[in-house]
Every structure is written in structure tokens, then in C-alpha cells.
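Undergrad:
Number of protein chains: 2
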Amino acid sequence: MSSQPTPPADDVAAERAFLATYDAAAFPHPSVTVDVATMTTFDGALHALLVRRSDHPAKGRWALPGGFVGIEESLDGAAERVLRTKAGLGGIFLEQLYTFGAVERDPRTRVISVGYYALVEASRLTAAKPDVGETVLARIDVPWTGESGGPVRALDEAGRELPLAFDHAEILGLVVQRMRGKIDYAPLGFQLLPERFTLRQLQQAHEAILDRSLNKDSFRRSIITRGLVAATGETEKDVPYRPAELYRYAQAENG
Amino acid sequence: MSSQPTPPADDVAAERAFLATYDAAAFPHPSVTVDVATMTTFDGALHALLVRRSDHPAKGRWALPGGFVGIEESLDGAAERVLRTKAGLGGIFLEQLYTFGAVERDPRTRVISVGYYALVEASRLTAAKPDVGETVLARIDVPWTGESGGPVRALDEAGRELPLAFDHAEILGLVVQRMRGKIDYAPLGFQLLPERFTLRQLQQAHEAILDRSLNKDSFRRSIITRGLVAATGETEKDVPYRPAELYRYAQAENG
DNA sequence: TGAATAGTGTCTATAAGACAATATCCC
DNA sequence: GGGATATTGTCTTATAGACACTATTCA
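Protein chains in written order, with our numbering: chain A, 1 to 255; chain B, 1001 to 1255.
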């Protein structure tokens, strides 16, 4: 609302920086990192991969895997590298989320963090063996509904709250908000399932993201009539009830 | 799809950087800037404020107003400062868009740019007198439809194409994509109008963003039944036809 | 009076929710 | 056969598009 909150000194400094573009290193630059929220669904809930910090600051707290952006490395490249080296994952859905730049968000020095989120099938995440110390797949407890947003809580298998480092509760909150906003029209659910899946599995993934039950009939109709899936002719095996048909993701052709 | 695109050297460098967190300045840091796309609507089309570059690189091309992020300045604060000093605007809608971090996007040095977009009523933008040299309100020509995305073209009043600097055509393309994606459920249109407006003006703003005509009856019903506007009891003046009632924005109370 | 746009009422098509009925598997 | 879930079909309701009609202003 206020149009002049910053003292003129900032303007002068910024103008000097602008004019010195050919010697940008003469001015202090912030550090730039990427933090990657790797999300999956099981037990009807969203989960995120967290790493326990072994050093100060925030020693002992749980953090999203992250790393500095190399001077010759793109942001997407840095996020892929973090995902590969710290979660042992490659070739999965990865998308930029938001950039966090509050001045005091890291107590050491000025750190601007570009947040990413990745989606992966639960079995791949439990099979991966990252060598980054203590990790956990924390259940994400969302204390708000719909589009409102805000920070979330991370819980272990026993339901105990895991303290989160820095502003990572905010980042995870924005991940959930983004996923809920996109799930209705973007193929996010498929990223959380194996290549062949039943419509019930897809619905359960949607329900875990939205944290509410969906109408089964409407869900089936919507997915099928929009041409988002193709039947494989196969059915699921070893279930103690009528096996459902297996589908695979088929990007909509119409348009 | 490939899980190992980066040579191991990157990992080593990143790991060294990570371990040296208490002396982060020992490693080269990228420059961080904000670029702000100031959008408005008139003549039935979206327009953006552009500044002509007076220096190399990209001398003579048109660019979004931007500036370096100060070491003690938040990203939002930097965007507000750029908007205030380079467009003479304050107190308007401003939201982070996306962060652009391709290695070669700026030929001088490594520059990571956090893109923002602002929405403002056309009369405020033409009244503002920024002192940043040659500026233009360019019509944004979008060569794609719907959600597909991609770069756009900037045109002057005569329809001539204005060459854009750096990756700013991509940034503006993402602005349009974001606005089209949000207009159906977020109150973006009101930001482009004066405090009191007619439903036709609101519809024209939506049509300029979406670049397609909307059904008048459905539009009116949707806006009114969702409780997005409140009638003021006043009507527009000096129009050569039946004057319409003036409304004001009323955030939805339900839910 | 005519031109232009505002605003209302009604019908239809589409999509979602509710619910019933049948089908298919394992035990 | 019984239990559980899959799958299909029908009815109802909400919303968007289409269209006809009336209202109000200025030239």
C-alpha cells in the first residue's frame, strides 16, 4: 500500500550497481541455492523427503534437500543434481515453485533459495538409497484447507512433529497449495503412480493431495471423458476382490 | 528422462560449496536481479511497460524495468523499488512470477532474474512520469492460445514489432500464461480498473487478457452470483447510451 | 424516433453428485 | 454363497451458453 517504504539510500546503491554492470563482482552478491521438495503419496496422505541437519545452523532440525547453484549451472540443472545426489532420483517430474528471498531467512548470510518440487511414485522413493545421512519420509499435515495457504507440519510414523529448519515449513505449504491448485487440470496424479494403475489408485492420489474425499462416479467420468487415460486391457492381480482394469496416462489429444 | 546428465565435477564443486557455508563468499556467486512486467489493458488488448536500453548489451532493444537485488533487500522489496523508481508506481498489485536462471541468458555475466508482474489501471500508468529515458506501452501480441505458452511479441501503436532484450519475450509470455490461468478464480481484473467500474469494463479486461470474447450473460451471472462485486447505486456518466451501474470489488465472504 | 448498450427472463446443453443395479474376483 | 470392489446406467441439480425481450440514455 505504501509507495515509499525504502529510504533513498537504497536507490542510490542500486543505481550504482546498475551502472557497474561490467564489474558486477565489485558488489556483494547473495548466495543462491535450490531446495527441492520431493513429494509422494501413501497411506492416503502426502509425504515429503526430509534430511536431518548434522551441522549448525538449525542442527538436528529437518530440512529439504538443497544445494548451492553453481556459477555455470542452470537452476533446473542444480535442482536435478540435488535430486540425483541427495535423493538418488532421476527422470522424475520436477518443476520450479517459487523463490524465497527474505533477508533473514538464513542466519549465516544472505541466501536466496529457488524452491522446486518433485513428484515420484512411493516405491521408487523407498527403494532409493541416498547417502546423505539421516532421512525421513514425513507425513505432511496441512492445518488449512483449500486455497488459503500457510506453513505445514511434518510428522513421523508415530505422529510426532518433526521440527523443520529455516522457512521450509512455508516452502512445503506452498508446494501443497500449488499441487492442490494444479491437480484439477494438470496431470500431477500420474506422476505419483506406477506406469499402470487403476482408477481407484488415481483417485486416492488426488484425495491425498486435496485431503478430502471425492465422488467416485464423477471422478471416473471426468478422467475418462477428458481422455486423460487409456485402458490397457489388463487387470490388477492378487486382490481379494474384483480386479480393476489397469490404465496408463494418455495426454489429451483434443485441442 | 536421463538421470545422469551432469558430469561428476559439478557434484564435487557443489559439495565443496556446501561444506564452506560459513565462507560462502569464497565461491563465485551469480548476480541476482528482479525484472518487473507492468501490465495494463486498453483498446481491448494487454499492454506492458518497456524501457529502451541505452547501453550494451542489447542496446536499443526494449526491456522490462529491472534492477539488482541489494544484499540487505528482500526480493519483494527490490521489485517494489524497481516499480517505484522506474515506473513511478506504488501501492499496486505485484506478484512474483518465476525465476529465470539459464546460464547464458545475459551475455555479460551470470545473472539470475526473479520475474515479477504488476497490474495497474491504464490511466495511472499513462499519468506516471518515470525518468528512465525512453519508455513505451507496448501492445502484447500473443501468438499462442490457451495454456500452451511461449514467447510473445511487443508492438508499438503503429503495429511495428519492438525487438525485446534478453529473454524478456519469454518472461512476458509467462506473464500472459499466468494471468490467463488465474483470471477465472483470482481477482486480477479488478486491478486493471478504477475503483468503480461497470460490468462491461470488467468483461473487456477479461477479454483482453484471454484474447477471446466472452458470453455477456454468463459473465454477468458468474461475477454477481459469486459475490465478487457490490453495486454502488451510481451509474456511469456522459455515455451516448443507457448508462450502466457502477460496481466495486467485494471480496467473496462465503467460505 | 432511432441507435446503442444495459439489464432480465427463459430455454437448452453440459458436467457433477446421488444412488441403484449388475459384474467379477477371492475366500 | 458371502464379502468386497468394479463398472454401468439413471435421475437430479448446478452452471454456462444462446437468445428473446424490455429499459434507458443521447442524438
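All C-beta atoms, glycine included, are put in the ideal place defined by N, C-alpha and C.
Everything numeric in this text was worked out from a predicted model, so none of it was measured.
1) What residues in the stretch 1091-1102 of chain B bring their beta carbon closer than 7 angstroms to a beta carbon of chain A?
2) Quick one: Cα of Ile260 (chain A) to Cα of Glu207 (chain A), how far?
3) For Ala128 (chain A), name the three-state secondary structure that DSSP assigns.
4) If you reduce the DSSP assignment to three classes, tell me which class Pro240 (chain A) lands in.
5) Using the rule of at least 16 other Cβ atoms within 10 Å of the residue's Cβ for burial, across every protein chain shown, is Glu234 (chain A) buried or exposed?
6) Rounded to whole angstroms, what's the CA-CA distance from Ala205 (chain A) to Met1179 (chain B)? Just pull it up for me.
7) Can you find at least 3 beta carbon pairs, one from the stretch 69-81 of chain A and one from the stretch 1102-1110 of chain B, that sit closer than 8 angstroms?
8) Would you identify the three-state DSSP class for Thr1225 (chain B), choosing helix, strand or coil?
9) Leu1075 (chain B) touches chain A at which residues, Cβ-Cβ below 9 angstroms?
10) Listed in chain order, which residues of the stretch 1182-1198 of chain B have Cβ atoms closer than 7 angstroms to some Cβ of chain A?
11) Where do the N-terminal and C-terminal ends of the alpha helix (DSSP H) with Val1176 (chain B) fall, by residue?
12) Start and end of the alpha helix (DSSP H) containing Val1261 (chain B)?
13) Smallest Cα separation from Pro151 (chain A): which of A:Val175, A:Ala138 and A:Ala158?
14) Could you tell me the alpha carbon to alpha carbon distance between Ala79 (chain A) and Gly1091 (chain B), rounded to whole angstroms?
15) Skipping 5 residues on each side, what residues in its chain have a beta carbon closer than 6 angstroms to that of Val32 (chain A)?
16) Looking only at its own chain, which residues have a Cβ that is under 6 angstroms from the Cβ of Ala1045 (chain B), when we skip the five neighbours before and after it?
17) How about Leu89 (chain A) and Ala128 (chain A): do their beta carbons lie closer than 8 angstroms?
18) By the three-class DSSP mapping on this structure, what secondary structure does Pro1007 (chain B) have?
19) Between Arg1200 (chain B) and the rest of its own chain, which residues show a CB-CB distance below 7 angstroms, the 5 nearest in sequence each way excluded?
20) Enumerate in chain order the residues of its own chain whose CB-to-CB distance from Pro163 (chain A) is below 8 angstroms, with the five nearest sequence positions on each side excluded.
21) So the alpha helix (DSSP H) Gln1203 (chain B) belongs to, where does it begin and stop?
TA: The short version:
1) Gly1091, Gln1096, Tyr1098, Thr1099, Gly1101 and Ala1102
2) Outside the displayed span of chain A (1 to 255) sits residue 260 (chain A), for which this structure offers no information.
3) coil
4) coil
5) exposed
6) 28 angstroms
7) yes
8) helix
9) Here the neighbours are Thr99, Phe100, Gly101, Ala102 and Ile112.
10) For the stretch 1182-1198 of chain B, the set of residues with a beta-carbon nearer than 7 angstroms to any beta-carbon of chain A is empty.
11) His1168 to Lys1182
12) Only positions 1001 to 1255 of chain B appear in the structure, and residue 1261 (chain B) is not among them; the question remains open.
13) A:Val175
14) Ala79 (chain A) and Gly1091 (chain B) have their C-alpha atoms some 34 angstroms from each other.
15) Val69 and Ile112
16) Arg1139 and Ala1208
17) yes
18) Legend: pLDDT at Pro1007 (chain B) = 39, less than 50; position of this residue unreliable, no value from coordinates given.
19) For Arg1200 (chain B), same chain residues with a beta-carbon under 7 angstroms away, outside a window of 5 residues either side, are Ala1244 in chain order.
20) Gly60, Arg61 and Trp62
21) Leu1199 to Leu1210
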